[in-house]
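Student: This is the structure I want to talk about, given as structure tokens.
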Amino acid sequence: MALLRGVWGVLNALGKSGADLCAGCGSRLRSPFSFAYVPKWFSSSLSGYPKKPMTSYVRFSKEQLPIFKAQNPDAKNSELIKKIAKLWRELPDSEKKIYEDAYRADWQVYKEEINRIQEQLTPSQMVSLEKEIMQKRLKKKALIKKRELTMLGKPKRPRSAYNIFIAERFQEARDGTSQVKLKAINENWKNLSNSQKQVQLLVPRNKADLVRLRGISPGKWLIRVETSHQDHRTHEEQG
């Protein structure tokens, strides 16, 4: 019933007045009825714990990204996100209000579902659930961080001497299956003297020193990261 009340609240809030507010929005906004929100659930291990609703800005950017991609097929996501952020900043308050109202309605549904679930859990189950949620959030945060660094063009870590040795010898090997080749090459590595392994270590060190050959220096890359973090904080404040 709580879920139905929340959905009805969204539809009611975005009825005639929502349509009036959307008048003249053009292709930037979808029909106000597309904001009707039914929460998606996490995996069964979290016992149907509801997902936090998207903020007004995140909802807007998620809707606009496919449109911008279609209009700019060769553009990078980072460039499109900047354009979307600019469009959001220029959006009239009357149009932003549609997204903000939808977020508040979703948040009310979310709180009601959280309260309903927590009332049914024992203290030990609550502790276990909180641990699972924290682990999931940390994993998601690490994944987002990795994607951000990839988009920013972070120089790749140099391969280890062992990995370089395996890769070079594997290409030279002719006979046997991949498993047989790998086993033989691994034995050859073990039989190398420390001085021979030291020669292999020079290769990744040189690659690290020549990171500028990848097209961006470490200093410039750090500047790009800091600029991106500032933009991200601005987007969160706007959301």
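Using UniProt numbering, the first residue of the sequence shown is number 1, and each one after it goes up by one. Just so it is clear, CB atoms sit at the ideal spot from N, CA and C, and this is done for glycine as well.
1. Residue 123 by DSSP, collapsed to three states: which one?
2. Whole angstroms is fine: what's the gap from residue 145's alpha carbon to residue 192's?
3. For residue 80 and residue 160, I'd like the C-alpha separation in whole angstroms.
4. Going by C-alpha to C-alpha distance, which of 50, 76, 85 and 72 sits closest to residue 62?
5. Relative to the C-alpha of residue 244, which residue among 77, 65 and 60 is closest?
6. Which runs of the alpha helix (DSSP H), 4 residues or longer, sit entirely within the UniProt DNA-binding region "HMG box" (155-198)?
7. Rounded to the nearest angstrom, how far is the Cβ of residue 99 from that of residue 59, given a contact under 8 Å?
8. Determine the DSSP secondary structure at residue 53, reduced to helix, strand or coil.
9. Please identify the residue among 112, 96, 185 and 68 whose C-alpha is closest to the C-alpha of residue 52.
10. Roughly how many angstroms lie between the CA atoms of residue 122 and residue 141, to the nearest whole one?
11. Establish whether the CB of residue 109 and some CB of chain B are separated by less than 8 Å.
12. Is residue 7 helix, strand or coil when you go by DSSP?
Tutor: According to the data block:
1. helix
2. For the pair residue 145 and residue 192, the Cα-to-Cα distance works out to about 38 Å.
3. Straight through space, the alpha carbons of residue 160 and residue 80 are spaced by roughly 36 Å.
4. Answer by Cα proximity: 85.
5. Outside the shown range of the chain, which is 1 to 239, sits residue 244, and nothing can be said about it.
6. 161-172 and 178-190
7. 6 Å
8. coil
9. 112
10. 28 Å
11. Chain labels in this structure do not include chain B; a single protein chain is all it has.
12. At residue 7 the pLDDT is 38, less than 50, meaning the model places this residue with poor confidence; the figure from the coordinates comes in the next sentence. For residue 7, the secondary structure class from DSSP, reduced to helix, strand or coil, is helix.
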